[in-house]
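A.B. asks: Quick one: structure below, then a few questions.
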Amino acid sequence: MTVSSSILFNLPLIRFRSLSLLSSSRLPLSSLRSISISPRKFRAFSTMTTTDAKDAGMDDVQRRLMFEDECILVDETDRVVGFDTKYNCHLMENIEAENLLHRAFSVFLFNSNYELLLQQRSKAKVTFPLVWTNTCCSHPLHRDSELIEENALGVRNAAQRKLLDELGIVAEDVPVEEFTPLGRMLYKAPSDGKWGEHELDYLLFIVRDVKVQPNPDEVAEIKYVSREELKELVKKADAGEEGLKLSPWFRLVVDNFLMKWWDHVEKGTLDEAIDMKTIHKL
Numbered sequence: 001m002t003v004s005s006s007i008l009f010n011l012p013l014i015r016f017r018s019l020s021l022l023s024s025s026r027l028p029l030s031s032l033r034s035i036s037i038s039p040r041k042f043r044a045f046s047t048m049t050t051t052d053a054k055d056a057g058m059d060d061v062q063r064r065l066m067f068e069d070e071c072i073l074v075d076e077t078d079r080v081v082g083f084d085t086k087y088n089c090h091l092m093e094n095i096e097a098e099n100l101l102h103r104a105f106s107v108f109l110f111n112s113n114y115e116l117l118l119q120q121r122s123k124a125k126v127t128f129p130l131v132w133t134n135t136c137c138s139h140p141l142h143r144d145s146e147l148i149e150e151n152a153l154g155v156r157n158a159a160q161r162k163l164l165d166e167l168g169i170v171a172e173d174v175p176v177e178e179f180t181p182l183g184r185m186l187y188k189a190p191s192d193g194k195w196g197e198h199e200l201d202y203l204l205f206i207v208r209d210v211k212v213q214p215n216p217d218e219v220a221e222i223k224y225v226s227r228e229e230l231k232e233l234v235k236k237a238d239a240g241e242e243g244l245k246l247s248p249w250f251r252l253v254v255d256n257f258l259m260k261w262w263d264h265v266e267k268g269t270l271d272e273a274i275d276m277k278t279i280h281k282l
């Protein structure tokens, strides 16, 4: 289907997914329905208004993040193919129908006693509320500073930003050069009937003593755990005790990588564990 330039300029709803059509301008969100035009080239966005009944229970902060944050779309080789809203990237109908895959990161922050900082996600979170997970889990956004590919600098910049947003950890306490990207994994996990994750996740480790001031919009609770305490937490989650649940991405890391990487944390040999060439499909 051929679309003339005059028509394109009269369609303010469209944000181009194809990299060849991306522009530096950011177009306004709208409450109108999607317009379907050549899905191979670009995707129209269907946004919900604050009165949409299906999202009536969504917290105002989370609603803003879902519609304003633009995740980086990638293929299964981690090649950037475009961008889309956080809202659209986490709708299971889009994940299943279009195989939408976005870049993400998971931070594992250890203190000087080699204890791992965990967080329980806020009740207000749209996906996986109240589950326990690693220190910080989020997405680099479609912006220049977080698209830098060299040495995963864009992802490390995003991690520094979100540690401040979620846990109040200031940038000076977590310099980007102190993050060690150890590997990448690709996974898919439904949250409920509507929401889910399909992520190519960068696993970032850092050892720092930090001051933590959790943001209640993002985090319900925090705790540092030793290896043995984490093992007990996993046993409780498996047994369904105390209603305790772990995030699916955290559990994948625990089951496949964490304990051997924890050895390197304690020995100060994290560089020996780095494998950024492999994308583990879990």
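The numbering of the sequence shown is our numbering, which starts it at 1 and goes up by one. Beta carbons: idealized from backbone N, C-alpha and C, even for Gly. In this text the structure is predicted, and so the values were computed from the model without any measurement.
I'd like to know whether the C-beta atoms of G82 and L91 end up nearer to each other than 8 Å.
C.D. replies: Not closer than 8 Å, so no.
A.B. asks: So what's I95 in DSSP terms, helix, strand or just coil?
C.D. replies: Helix.
A.B. asks: What did DSSP end up calling T47 once you bin it into helix, strand or coil?
C.D. replies: Because the pLDDT of T47 is 37, which lies under 50, any placement of that residue in the model is unreliable, and the question is left without a value.
A.B. asks: With burial defined as no fewer than 16 other Cβ atoms inside 10 Å of the residue's Cβ, what is the status of L27: buried or exposed?
C.D. replies: Low confidence applies to L27: its pLDDT is 36, below 50, so where it sits in the model is not reliable enough to give any reading.
A.B. asks: K188 and I279 - do their beta-carbons sit closer together than 8 Å?
C.D. replies: Cβ distance not < 8 Å, so I279 and K188 don't count as in contact.
A.B. asks: By Cβ distance below 8 Å, which residues in the same chain neighbour M66 in space, the five residues on each side in sequence not counted?
C.D. replies: Hits under 8 Å: M58, T85, K86, Y87, H90, V126.
A.B. asks: Measuring straight from C-alpha to C-alpha, what distance separates L147 and H102?
C.D. replies: Those two C-alpha atoms are separated by around 12 Å.
A.B. asks: DSSP puts K188 in a beta bridge; with which residues?
C.D. replies: In the DSSP output, where bridge partners are listed per residue, K188 has H198.
A.B. asks: Can you give me the C-alpha to C-alpha distance between R15 and L100, rounded to a whole angstrom?
C.D. replies: With a pLDDT of 39 at R15, under the threshold of 50, the modelled position of this residue cannot be trusted; read the value that follows with caution. The alpha-carbon atoms of R15 and L100 are separated by roughly 16 Å.
A.B. asks: Skipping 5 residues on each side, what residues in its chain have a beta carbon closer than 6 Å to that of L282?
C.D. replies: Same-chain partners within the cutoff: M185, Y187, L252.
A.B. asks: Using a 10 Å radius around the Cβ and a threshold of 16 neighbouring Cβ atoms, would you call S112 buried or exposed?
C.D. replies: Under this definition S112 is an exposed residue.
A.B. asks: From the DSSP output, which residues share a beta bridge with E70?
C.D. replies: In DSSP, E70 forms a bridge with T85.
A.B. asks: Assuming E242 contacts K235 under a Cβ cut-off of 8 Å, what Cβ separation, rounded to an integer in Å, is found between them?
C.D. replies: No, E242 and K235 are not in contact; Cβ-Cβ is about 11 Å, not under 8 Å.
A.B. asks: Whose C-alpha, out of C137, M259, S138, V174, is nearest the C-alpha of I206?
C.D. replies: That would be V174, whose Cα lies nearest to the Cα of I206.
A.B. asks: So the candidates are L244, L167, Y202, H198; which of them puts its Cα closest to the Cα of D217?
C.D. replies: Of the listed residues, the one whose Cα sits closest to D217 is L167.
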